[in-house]
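K.L.:
Encoded as structure tokens, here's the structure I'll be asking about.
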Amino acid sequence: MMKTRLTEMMEIDYPIVCGGMMRLAYPPLCAAISNAGGLGNLTAAMYEDKESFRGAITETRRLTDKPFIVNVTLLPSIGVSDDRYAMYFDTLAEERVAAVEISGTPLHRYKNGVYLKKLKDGGVKLFHKVGSVRHGKSAEKAGYDAVFAAGVEEGGHPLNENVATTVLTPRMAEELSIPVITAGGMADGRGLAAALCLGAEGIMMASRFINTHECAVHEKVHEELIRRQENETVLYGNSIGLQGRALLNESIREVLKIEARGGGLAEIIPHIAGALGDEIWQKGDVEKGLIAVGQSIGLIRDVLTCKELLDGIVRDAEAILKNALSRF
Numbered sequence: 316m317m318k319t320r321l322t323e324m325m326e327i328d329y330p331i332v333c334g335g336m337m338r339l340a341y342p343p344l345c346a347a348i349s350n351a352g353g354l355g356n357l358t359a360a361m362y363e364d365k366e367s368f369r370g371a372i373t374e375t376r377r378l379t380d381k382p383f384i385v386n387v388t389l390l391p392s393i394g395v396s397d398d399r400y401a402m403y404f405d406t407l408a409e410e411r412v413a414a415v416e417i418s419g420t421p422l423h424r425y426k427n428g429v430y431l432k433k434l435k436d437g438g439v440k441l442f443h444k445v446g447s448v449r450h451g452k453s454a455e456k457a458g459y460d461a462v463f464a465a466g467v468e469e470g471g472h473p474l475n476e477n478v479a480t481t482v483l484t485p486r487m488a489e490e491l492s493i494p495v496i497t498a499g500g501m502a503d504g505r506g507l508a509a510a511l512c513l514g515a516e517g518i519m520m521a522s523r524f525i526n527t528h529e530c531a532v533h534e535k536v537h538e539e540l541i542r543r544q545e546n547e548t549v550l551y552g553n554s555i556g557l558q559g560r561a562l563l564n565e566s567i568r569e570v571l572k573i574e575a576r577g578g579g580l581a582e583i584i585p586h587i588a589g590a591l592g593d594e595i596w597q598k599g600d601v602e603k604g605l606i607a608v609g610q611s612i613g614l615i616r617d618v619l620t621c622k623e624l625l626d627g628i629v630r631d632a633e634a635i636l637k638n639a640l641s642r643f
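To get the working numbering, take the position in the sequence shown, counting from 1, and add 315.
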């Protein structure tokens with residue numbers, strides 16, 4: 316076990332959290348991460364109705380008796396209606412899940428904070444993913460239990476202030492009293508050791524969990540992430556007010572061309588639509604659609620079980636920290 320404020324708060328063995336992973340963070344992967352000692356993630360946007368969403372929570376609990384976190388991304392661009400968001404939050408409060416990760420719109424500013432209060436009243440721990448100190452301070456003031464300090468290296472939607480984790484983490488840690496968890500560029504024991512030294516209470520990873528045996532993707536995806544390097548992801552979407560980071564492929568190259576000539580969202584959406592997910596993850600077509608991974612792909616060398624991955628990360632981090640101390 317590695318004790319930090321995160322592990323104590325969530326009653327987990329390792330200070331390692333899985334981030335939201337659209338079309339990937341289903342119950343089997345979520346449970347495998349929690350069973351391995353981390354905090355697995357179940358991603359809400361994959362479920363369109365209350366029955367299937369509650370069923371996913373039930374299935375995860377069948378597969379693990381450990382805590383897990385549920386991601387809810389409050390972004391209009393993913394096409395989730397207000398009714399669906401209400402369903403997610405109502406269900407999460409009713410089910411009294413261990414924790415919820417909010418990304419995008421702050422929950423305390425959504426619907427006058429009614430769902431933030433409902434979740435907290437239900438005993439749910441609330442984590443908000445932020446990319447700046449001012450947003451972190453706002454989250455602390457609103458009553459969140461912890462924040463994910465998301466550097467520009469991360470896949471998905473890093474804040475367009477473009478601050479790296481090595482600066483964002485210590486800045487957040489020195490300004491906030493609630494736990495700070497580093498996100499962006501995290502993939503191994505070196506990252507965990509560095510994050511702890513920078514003042515974090517743990518790390519969030521997502522890209523690295525794709526290359527685990529419990530993540531149900533085509534073997535060509537695993538091979539592609541091993542082959543690609545840290546300089547082969549790009550930022551896109553600034554022209555439409557929604558910055559994202561993704562693997563450079565045919566679809567993203569086309570998106571960049573559209574943005575360069577001033578094209579809008581209507582032209583971009585067909586190249587990054589979620590409907591292309593099955594072509595990527597299940598059929599292994601890595602050139603079509605959005606593969607939202609971060610620069611940490613440069614650190615991915617293999618495919619492991621979740622237990623092998625987490626045990627190795629913590630073992631390596633402990634050795635690095637011990638070796639560093641022995642030098643003084």
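Glycine included, C-beta positions come from ideal geometry on N, C-alpha and C.
Pull the bridge partners of GLU416 from the DSSP assignment, please.
P.N.:
Taking the first residue of the sequence shown as 1, we reach residue 416 at position 101. In the DSSP output, where bridge partners are listed per residue, GLU416 has ASN386 and PHE442.
K.L.:
Under the DSSP definition of a beta bridge, which residues are partnered with VAL332?
P.N.:
Taking the sequence shown and counting its residues from 1, one reaches residue 332 at position 17. VAL332 pairs with LEU354 and MET519.
K.L.:
Under 8 angstroms by Cβ, that's how I've got GLY506 and GLN610 pegged, so tell me the actual separation to the nearest angstrom.
P.N.:
Translated into positions along the sequence shown, residue 506 becomes position 191. Translated into positions along the sequence shown, residue 610 becomes position 295. The pair is not a contact, with the Cβ atoms about 11 angstroms apart (cut-off 8 angstroms).
K.L.:
What do you get for MET316, buried or exposed, if any count of 16 or more other CB atoms within 10 angstroms of its CB means buried?
P.N.:
Start at 1 with the first residue of the sequence shown, and residue 316 comes out as number 1. Counting Cβ neighbours within 10 Å, MET316 comes out exposed, since fewer than 16 surround it.
K.L.:
Report the option in THR406, ASP405 and TYR459 whose CA atom is closest to the CA atom of SER418.
P.N.:
Here residue 418 corresponds to residue number 103 of the sequence shown, with the count starting at 1. Closest option to SER418, Cα to Cα, is TYR459.
K.L.:
Return the residue from the list ALA498, ASN475, ARG523 and SER447 that minimises the CA-CA distance to GLU490.
P.N.:
Here residue 490 refers to the residue found at position 175 of the sequence shown. It is SER447 whose Cα lies nearest to the Cα of GLU490.
K.L.:
Between GLU539 and ASN546, what straight-line distance do the alpha-carbon atoms span, to the nearest angstrom?
P.N.:
As a first step, residue 539 is located in the sequence shown; it is residue number 224 there, counting from the start. As a first step, residue 546 is located in the sequence shown; it is residue number 231 there, counting from the start. Near 14 angstroms, if we compare the C-alpha coordinates of ASN546 and GLU539.
K.L.:
Does the Cβ of GLU476 have 16 or more other Cβ atoms within 10 Å, making it buried, or fewer, making it exposed?
P.N.:
To locate residue 476, count along the sequence shown from 1; it is residue 161. So GLU476 ends up on the exposed side.
K.L.:
Taking the beta carbon of ILE496 as the centre, do at least 16 other beta carbons fall within 10 Å, making it buried, or is it exposed?
P.N.:
For the purposes of this step, residue 496 is identified with residue 181 of the sequence shown, where counting begins at 1. Flag for ILE496 reads buried.
K.L.:
I need the DSSP call for GLY471, collapsed to helix, strand or coil.
P.N.:
To locate residue 471, count along the sequence shown from 1; it is residue 156. DSSP places GLY471 in strand when its eight states are reduced to three.
K.L.:
Counting C-beta neighbours from all protein chains within 10 Å, is the total for ILE518 16 or more, i.e. buried, or is it exposed?
P.N.:
Numbered from 1 along the sequence shown, position 203 holds the residue referred to as residue 518. Burial call: buried.
K.L.:
Take LYS504 as the anchor and find which of ILE615, VAL462, ARG320 and GLY335 has the nearest alpha-carbon.
P.N.:
For the purposes of this step, residue 504 is taken as the residue at position 189 of the sequence shown. Lys is not the amino acid found at residue 504; the sequence shown has Gly there. The shortest Cα separation from GLY504 among ILE615, VAL462, ARG320 and GLY335 belongs to ILE615.
K.L.:
Determine which residues share a DSSP beta bridge with TYR403 and list them.
P.N.:
Here residue 403 is taken as the residue at index 88 of the sequence shown, counted from 1. Partner(s): none; TYR403 has no beta bridge.
K.L.:
Pick helix, strand or coil for VAL462, following the three-state DSSP scheme.
P.N.:
For the purposes of this step, residue 462 is taken as residue 147 along the sequence shown, with counting starting at 1. Residue state, collapsed to three classes: strand.
K.L.:
Hey, quick one: how far does the beta strand (DSSP E) through THR548 stretch, first residue to last?
P.N.:
Numbered from its first residue, the sequence shown carries residue 548 at position 233. Per DSSP, THR548 belongs to the beta strand (DSSP E) from 548-551.
K.L.:
Taking buried to mean at least 16 other C-beta atoms within 10 Å of its own C-beta, is CYS647 buried or exposed?
P.N.:
Outside the modelled stretch of the chain, which goes from 316 to 643, sits residue 647, for which no answer is possible.
K.L.:
Below 8 angstroms on the Cβ atoms is my contact criterion, and I expect ALA479 with GLU468 to pass it. Report the Cβ-Cβ distance as a whole number of Å.
P.N.:
Along the sequence shown, one-based indexing puts residue 479 at 164. Along the sequence shown, one-based indexing puts residue 468 at 153. Yes, they are in contact, since the Cβ atoms of ALA479 and GLU468 sit about 6 angstroms apart, within 8 angstroms.
K.L.:
Exposed or buried, which one is ALA575 when buried takes at least 16 other CB atoms within 10 Å?
P.N.:
Within the sequence shown, the letter at position 260 stands for residue 575. Label assigned to ALA575: exposed.
K.L.:
Going straight from the alpha carbon of VAL385 to that of LEU441, what length do you get?
P.N.:
The residue you call residue 385 lines up with position 70 of the sequence shown. The residue you call residue 441 lines up with position 126 of the sequence shown. So the alpha carbons of these two residues sit roughly 10 angstroms apart.
K.L.:
Just checking my contact of LYS603 with SER566 at CB under 8 angstroms: how many whole Å lie between their CB atoms?
P.N.:
Counting from 1 along the sequence shown, the entry for residue 603 is found at position 288. Counting from 1 along the sequence shown, the entry for residue 566 is found at position 251. At roughly 6 angstroms, the Cβ-Cβ gap stays under 8 angstroms, so LYS603 and SER566 are in contact.
K.L.:
Skipping 5 residues on each side, what residues in its chain have a beta carbon closer than 7 angstroms to that of LEU434?
P.N.:
Taking the first residue of the sequence shown as position 1, residue 434 is located at position 119. The answer, listed in chain order, is PHE404, LEU407, ALA408, VAL415 and LEU441.
K.L.:
So what's ARG560 in DSSP terms, helix, strand or just coil?
P.N.:
Start at 1 with the first residue of the sequence shown, and residue 560 comes out as number 245. In this structure, ARG560 counts as strand in the three-state DSSP scheme.
K.L.:
Among LEU636, LEU640 and LYS622, which one has its Cα closest to the Cα of GLY353?
P.N.:
Translated into the one-based positions of the sequence shown, residue 353 becomes position 38. The shortest Cα separation from GLY353 among LEU636, LEU640 and LYS622 belongs to LYS622.
K.L.:
Whole angstroms is fine: what's the gap from HIS472's alpha carbon to ALA454's?
P.N.:
Walking along the sequence shown from the start, residue 472 turns up at place 157. Walking along the sequence shown from the start, residue 454 turns up at place 139. Taking the straight line from one Cα to the other gives about 18 angstroms.
K.L.:
If you run the structure through DSSP and keep just helix, strand and coil, what is PRO340?
P.N.:
Within the sequence shown, residue 340 is the residue found at index 25, counting from 1. The question names Pro, but residue 340 in the sequence shown is Ala. Coil.
K.L.:
What does DSSP give as the partner residues of LEU619 in its beta bridges?
P.N.:
To locate residue 619, count along the sequence shown from 1; it is residue 304. BP columns for LEU619 point to THR527.
K.L.:
Can you tell me which of ILE327, GLU326, GLU323 and CYS345 puts its alpha carbon nearest to the alpha carbon of CYS333?
P.N.:
On the sequence shown, residue 333 is found 18 positions in, with the first residue counted as 1. Cα-wise, what sits closest to CYS333 is CYS345.
K.L.:
Alpha carbons only, please: which of GLU363, VAL387, LEU390 and THR358 is nearest the one belonging to THR375?
P.N.:
What you label residue 375 is simply residue 60 of the sequence shown in a count that begins at 1. When each option's Cα is compared against that of THR375, the closest is THR358.
K.L.:
Are ILE372 and GLU323 touching if we call contact CB-CB under 7 angstroms?
P.N.:
In the sequence shown, the residue the question calls residue 372 occupies position 57. In the sequence shown, the residue the question calls residue 323 occupies position 8. It is not a contact, given that the beta carbons lie outside the stated cut-off.
K.L.:
Have a look at GLY437, VAL439 and LEU390 and flag the residue whose alpha-carbon is nearest the alpha-carbon of ARG424.
P.N.:
As a first step, residue 424 must be located in the sequence shown, where it is residue number 109. Considering only alpha carbons, the answer is LEU390.
K.L.:
Looking at MET336 and ALA521, is the spacing between their C-beta atoms short of 7 angstroms?
P.N.:
Counted from its first residue, the sequence shown places residue 521 at position 206. Counted from its first residue, the sequence shown places residue 336 at position 21. Yes, these two residues count as a Cβ contact at 7 angstroms.
K.L.:
Bridge partners of THR497, per DSSP?
P.N.:
Counted from its first residue, the sequence shown places residue 497 at position 182. Answer by DSSP bridge pairing, in chain order: ALA464 and ILE518.
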